[in-house]
Amino acid sequence: MSIDWSRFVELVGAHQKFLLVSHIRPDCDALGSELGMAGILEALGKDVKIVNGMATPPNLAFIDPTCRIKVIGETAQASDLADRDAIMILDTSAWQQLGAMAEVIRAHSAKKMVLDHHVSQDDLGAENFKNTTAEAAGRLVVEAADALNVKLTPEIATPLFAAIATDTGWYRFGSASSNTYRIAARLIDAGASPSKIFNSLYEQDTLGRVLLRGVILSRVKAELGGKLVYTHVLKEDFTNTGALPSDTEDVINMALAIAGTQFAVIFVEQQTGGFKLSFRSRCAVDCSKMAEQYGGGGHKAAAGAFLPGTLADVQPRVLDAARAALQ
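Residue 1 is where the sequence shown starts when you use the UniProt record's numbering, and the numbers rise one by one after that.
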């Protein structure tokens, strides 16, 4: 799926004050894409604000050393954004994923644009610039820089390298193509340091995060001859280990790494109740289709959703669907 970059360039040229937004529970692709795009737009003389519906997780704070990404209702208010004439939504096309920023976007009269690589899509009242074959939103931001004739700088390249690296599992997922490596090389040439980024991402774990992983992995169960694996996290696990909700990131990939596993699910209880569901697949089962049953979305190999209720309510319902899909 190709993007009409000439139209994208036209819209960027026609607007001056941009608001960049991404999804709640932001990951490195979301944050890196926002920061990279901010640098690109500012190179063109644009006025840029970045505001999300949820705070940057502490383990990803390194990507935003100047703390320019604000949180609606905390470090930014809707009134602060009234002067924006363009809103660019990155790395999501779903209202549910925008959190408190959804109402801000709905009420705002600014021109709205979506730059995304997810299959799932709501009508956000925006012009869509989507490539669902792209391995990361960060890759689309690199392409945007090229379309806009903006030179990659270390400040732009670093968050974009982190964005693409994390969404491809440090370039080991099947979504990483030879072109992915060529883009990564360009970002390194522009000043991104893979060793520093890797250290910041994967070699700065807290004790709480390590202990939480142990709890989650101790609960892993397998069914269907090992094809289906699942585990869960409860609210009290965070208190007991001293971990944060963001510390559940990537644990599901450890479950998927078990030999013979084809589909993995993790149920993460949210502080306000209900469970975040994360799906991973390395078979024909489409995670995005599974997630869409519960109002979520994502990619074929990875997706997520949310369900209200207790573990006893949620887990059997989801596992029955997973069993049916695998049999």
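In this text, a Cβ means the ideal position worked out from N, Cα and C, and glycines have one as well.
Close beta carbons around Arg209, own chain, < 7 Å, minus the five adjacent residues each side: One-based indexing of the sequence shown puts residue 209 at position 209. Answer for Arg209: Ala243 and Asp247, listed in chain order.
Applying the criterion that 16 or more other CB atoms from any shown protein chain within 10 Å of the CB defines a buried residue, is Asp116 buried or exposed? For this step, residue 116 is matched to residue 116 along the sequence shown. Result: buried.
Within its chain, find whatever has a CB closer than 6 Å to the CB of Ser281; leave out the 5 residues flanking it on each side and keep chain order. Sequence index remark: in the sequence shown, residue 281 carries index 281 (1-based). Closer than 6 Å at the Cβ level, and outside the excluded window around Ser281, lie Phe263, Cys287 and Ala301.
Local conformation of Ser177 per DSSP, three classes: For the purposes of this step, residue 177 is identified with residue 177 of the sequence shown, where counting begins at 1. Looking at Ser177 - three-state DSSP - the assignment turns out to be coil, as it is neither helix nor strand.
Mapping the DSSP letters down to three states, classify Thr133 as helix, strand or coil. Along the sequence shown, read from residue 1 onward, the residue named residue 133 stands at position 133. Residue state, collapsed to three classes: coil.
For the beta strand (DSSP E) holding Glu203, just list the boundary residues, first then last. Within the sequence shown, the letter at position 203 stands for residue 203. No beta strand (DSSP E) contains Glu203, which DSSP labels as neither H nor E.
Mind pulling the beta strand (DSSP E) runs of 3 or more residues that sit fully within the stretch 37-90? 47-52, 69-71 and 86-90
Could you give the C-beta distance for Val114 and Ala126, rounded to a whole number, given that I count them as a contact under 8 Å? In the sequence shown, residue 114 corresponds to position 114, counting from 1. In the sequence shown, residue 126 corresponds to position 126, counting from 1. Correct: roughly 5 Å between the Cβ atoms.
Over the uninterrupted beta strand (DSSP E) stretch that includes Leu280, give me the two end residues. In the sequence shown, the residue the question calls residue 280 occupies position 280. Position check: residue 280 holds Arg in this sequence, whereas Leu was assumed. Per DSSP, Arg280 belongs to the beta strand (DSSP E) from Phe275 to Ser281.
Beta strand (DSSP E) containing Val220: first to last residue? One-based indexing of the sequence shown puts residue 220 at position 220. Counting along the chain, Val220 falls outside any beta strand (DSSP E), and DSSP gives it neither H nor E.
Cβ contact check for the stretch 252-267 and the stretch 208-222: 3 or more pairs under 8 Å: yes
So, with DSSP's three-state summary, where would you put Ile3? Here residue 3 refers to the residue found at position 3 of the sequence shown. The answer is coil: DSSP assigns Ile3 none of H, G, I, E or B.
Under 8 Å between C-beta atoms of Gln121 and Ser79: Numbered from its first residue, the sequence shown carries residue 121 at position 121. Numbered from its first residue, the sequence shown carries residue 79 at position 79. Contact: no.
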